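So the protein lines, in turn, are chains P and E.
Quick note on numbering: the UniProt record's numbering labels position 86 of the first sequence as 86, and the sequence is numbered without any gaps.
Quick note on numbering: the UniProt record's numbering labels position 252 of the second sequence as 252, and the sequence is numbered without any gaps.
Glycine included, each C-beta is placed from N, C-alpha and C at the ideal position.
Note that this is a predicted model, so its numbers are computed, not measured.
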Amino acid sequence: MKTLKSVGYLLGLPVILLLWWWIGTSGEANFFVPTPAKLVTTFIDTWFGERMLTDVLPSIMRLVVGVLAAIVLGIVLGLAVGLNRTMRAVTEPVFEFFRALPPPVLVPVLMLLVGINDGMKIAVIISGCVWPVLLNTIEGVRSIDPVQNETSKSYGITGFSRIRYQILPSATPTIMAGVRQALSIGLILMVISEMFASSSGLGFTIVQFQRSFAVPEMWSGIVVLGLIGVALSFIFQWVERRVLRWYHGLKEVENAV
Amino acid sequence: MTQMTESSTRAAAKVKVSRAPSKGWPKWVLGLIGIVVFLGFWELMPILGVVQAKYLPPASEVIAALIADLGFTAFWVAVGDTLLAWAIGLVIAVVAALILGLVIGMSPFLRRFSNSSIEFLRPIPSVALIPLAVLLFGIKIESSLLLIVYACFWQVLIQVLYGVADVDNVAMQTAKSYGFSYVQRVRDVVFPTMLPYLMTGIRLAASVALILAITAELLIGSPGLGREIALAQSGGAISGMYALILATGFLGVAINSVTRIVEKRVLSWHPSVRGEATV
């Protein structure tokens, strides 16, 4: 009974929405909205085949490479800057500017500087995603409990082991918040860089469908992007749970008191 | 972010006590040095031939172009268009998310019932809607609005739901036993608890809205700074393009600072002087 109830909660609203969509489109043919059945068949015909290898997987590869590179770069730079008070003060205004700069405007810039190729698309993703990670790492390092720092000092924990065992763990919750922002920006930039200047990739294909008024195909592309977004969010939640298990445990204990 | 935490008095006091005042220069001088070094670097790159000047003009040239832009009506019209789409989109998203968030959050049934749909719809990137926006609205401002509202709505909704869930149970029960009506409960019990969360949501949504306003203008061609950037780029006015990009950056900085100030003002009464909520 209990599982039945939770299944009802899980699927209730989606089923209602699907029914609504189905009933809404089953009457007269609507040019802008395909019927659910039509969308499913178009989805399978369009994306399971050659297009998977030529457009979808390369896009996802670029996204993964770009985001991972941005995370590594952001954390390394963030540690270097965050651990030094002077560096922090020197870089703050410039970094704040780059964080406030809407990342899509980097697409035309990098098109000029790098040219139109895979490198440009990855560069766009890196240059957009690095700021939230970088700034959150700096903030995470800056706001470490001073008692911890002094304890490290008195115990003679310095250099790499201090970063590995004291700095990084305390900064991780903040860094993860930055990584989450970076993921959604990365997905946006992946699509935009392909829509702007490209002859392949998901973004390009979807715009192509829209320009040729292939509406069901266009919707199926939107569904693909949605699925990628959902998958990324689940992967992130899984990673975050593993990386921050100790932290969530600690919070629970604190909240329980 | 740093500025915000520094200036929230309690945190600043703590930091100052634990760390002796540094011997060096004050913070703003160091920041200024950072800006000068950055600009110098930028100025030298094309001059030394690291990159071609036709792809990255020296900083002085770009800044001159930006100053020239400030005298043109067309520039201010573009800024106005961008800000208009930003503001309308943000307001629609915040109002819709606030109302829906309160209704859903107040009812445990609705919260469980809608959870799966929200978790599924939320991560869908709003840029996926670009083709739909073009199909429905073409290059009108509605295209920008569709993207902005979709992206901002979830940011605010999630925060409102967190905020409502954070309401103290005892306070809620007390209000109920004193015969508070639904509206009174929302206004006097839920709202004060939720407000910090709502403000966080609005602050995040404000910067997301700018990103999407610029994106829509850049890709779809709805009126605003983004379209001017695309036009400058295709027209080969490279310093003009960089000047406009600088302008969008300053717009972003301005929006960030205004939302931070508003947030601080609105929450100045809040008993738990909240640290920066990291989202």
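- In this structure, DSSP gives F204 of chain P a helical state, which the three-state scheme calls helix.
- With a threshold of 8 Å between beta carbons, A80 of chain P makes no contact with chain E.
- Distances from the alpha-carbon of F41 of chain E to those of E:L56, E:L30, E:K27 put E:L56 closest.
- The DSSP-derived three-state label of Y178 of chain E is coil.
- The three-state reading of DSSP puts D55 of chain P in helix, counting H, G and I together.
- In the three-state DSSP reduction, W269 of chain E falls in the coil class, being neither helix nor strand.
- For G229 of chain P, the chain E residues whose Cβ falls inside 7 Å of its Cβ are P123, I124, P125, in order along the chain.
- For I214 of chain E, the C-beta contacts it makes with chain P under 7 Å involve P102, P104, V105, in order along the chain.
- In the three-state reduction of the DSSP assignment, N117 of chain P falls in the coil class.
- Remark: fewer than three beta-carbon pairs, one from each stretch, lie closer than 8 Å, so the segment 186 to 196 of chain E and the segment 68 to 82 of chain E are not flagged as touching.
- For a Cβ distance threshold of 8 Å, residue set I206, V207, F209, Q210, M218, G221, I222 of chain P lies close to P131 of chain E, ordered along the chain.
- For T248 of chain E, the chain P residues whose Cβ falls inside 7 Å of its Cβ are L101, P102, V105, in order along the chain.
- Not flagged as an interface residue toward chain P: Q159 of chain E, since no C-beta distance is shorter than 8 Å.
- In this structure L63 of chain P is in contact with G186 of chain P, their Cβ atoms being roughly 6 Å apart against a cut-off of 8 Å.
- Considered as a whole, the segment 112 to 190 of chain E harbours 130 to 137, 141 to 165, 169 to 177 as its complete alpha helix (DSSP H) runs of no fewer than 4 residues, in chain order.
- For L30 of chain E, the three-state secondary structure derived from DSSP is helix.
- Taking all protein chains in view, the Cβ of R142 of chain P is crowded by 16 or more other Cβ atoms within 10 Å, so the residue is classified as buried.
- Per DSSP, reduced to three states, the secondary structure at Y9 of chain P is helical.
- Assigned with DSSP and collapsed to three states, P34 of chain P falls in coil, not helix or strand.
- Inter-residue distance for V62 of chain E and I238 of chain E is about 9 Å (C-alpha atoms, whole angstroms).
- In the DSSP assignment, T158 of chain P falls outside any alpha helix (DSSP H), carrying neither H nor E.
- Counting C-beta atoms within 10 angstroms of its own C-beta, W20 of chain P has fewer than 16 neighbours from the protein chains shown and is therefore classed as exposed.
- Per the coordinates, the alpha-carbon of F204 of chain P lies some 43 Å from the alpha-carbon of T3 of chain P.
- In the three-state reduction of the DSSP assignment, L100 of chain E falls in the helix class.
- Going by C-alpha positions, D166 of chain E is about 41 Å away from F43 of chain P.
- Look at M120 of chain P: its C-beta is not under 8 Å from any C-beta on chain E.
- For A53 of chain E, the secondary structure class from DSSP, reduced to helix, strand or coil, is coil.
- For a Cβ distance threshold of 9 Å, residue set P108, V109, M111, L112 of chain P lies close to Q233 of chain E, ordered along the chain.
- Cβ neighbours of I88 of chain E within its own chain (closer than 7 Å, five residues either side excluded): L145.
- In its chain, beyond the 5 residues on either side, W131 have a beta carbon closer than 8 Å to the beta carbon of F98 of chain P.
- Note on A68 of chain E: under 16 other CB atoms within 10 angstroms of its CB, so exposed under the neighbour-count rule.
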